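Below: the structure, in structure tokens.
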Amino acid sequence: MQNPASPIQTISLTHIALRAASPSQSAAFYTRYCNLKILHRRMDQEMGEDVEVIWLGNPDRLPGFVLVLMQNQPESCPKGSFHHLGFEVASKDDVDHLAKIAQSEGILALPPQDAGPVVGYICALKDPDQNLVEISYGQMIMLRREAHA
């Protein structure tokens with residue numbers, strides 16, 4: 001069975017984001033056993049609580065691919081998890097275009113929004129198994145690649 005081609009020509013898988021009880025401990029595991037390096041670390045405000053976020057990758061290999069570790073949300077959080085596959089596109093217009101298509105098909109999970117200088121301009125879609133797929137423009141991952149081009 002053939003699938004229709006993506007309406008966006010330039011789209012790349014850039015990261016996988018996972019929840020971790022302790023991102024610092026998980027980062028220690030991945031640095032020890034997988035030779036990944038910490039590329040970025042921050043505290044986010046999520047549902048009013050500080051949440052640790054760590055990006056791991058291999059800075060010597062470009063284009064880069066990043067493992068994002070996010071601290072577990074409290075069980076009481078109604079928002080749910082944000083495990084996701086992250087894809088970058090070439091422009092904000094591409095994010096908006098895919099979001100419009102996803103909205104018409106009933107699979108838009110997060111409308112387009114500017115999530116700040118680290119995360120960039122994003123939207124999120126749900127795949128057929130309800131996994132989240134983040135579409136982004138202007139994330140640090142993409143900017144890091146461009147700096148090394």
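Residue numbering for the sequence shown follows UniProt numbering, starting at 1 and increasing by one per position. Beta carbons: idealized from backbone N, C-alpha and C, even for Gly. All values derive from a computational prediction rather than experimental measurement.
Burial state of residue 124 (16 or more Cβ within 10 Å): buried
Proximity winner among 116, 56, 102, relative to residue 16 (alpha-carbon distances): 56
Where residue 154 falls, given that 16 or more other Cβ within 10 Å makes a residue buried: No information on residue 154 is available, as it lies outside the stretch 1 to 149 that the chain covers here.
Entirely enclosed alpha helix (DSSP H) segments - the region 92–123, minimum 4 residues: 92–104
Inter-residue CB distance, residue 6 and residue 52 (contact presumed, cutoff 8 angstroms): In fact, because the Cβ distance is near 34 angstroms, the residues do not count as touching under 8 angstroms.
According to DSSP, residues forming a beta bridge with residue 50: 45
Bounding residues of the alpha helix (DSSP H) (the contiguous stretch that carries residue 28): 23–34
Extent of the continuous beta strand (DSSP E) to which residue 86 belongs: 84–89
Inter-residue Cα distance where the pair is residue 216 and residue 19: Lying before the first or after the last residue shown, residue 216 is absent from the chain, which here runs from 1 to 149.
Sheet register partners of residue 16 (DSSP bridge): 67, 85
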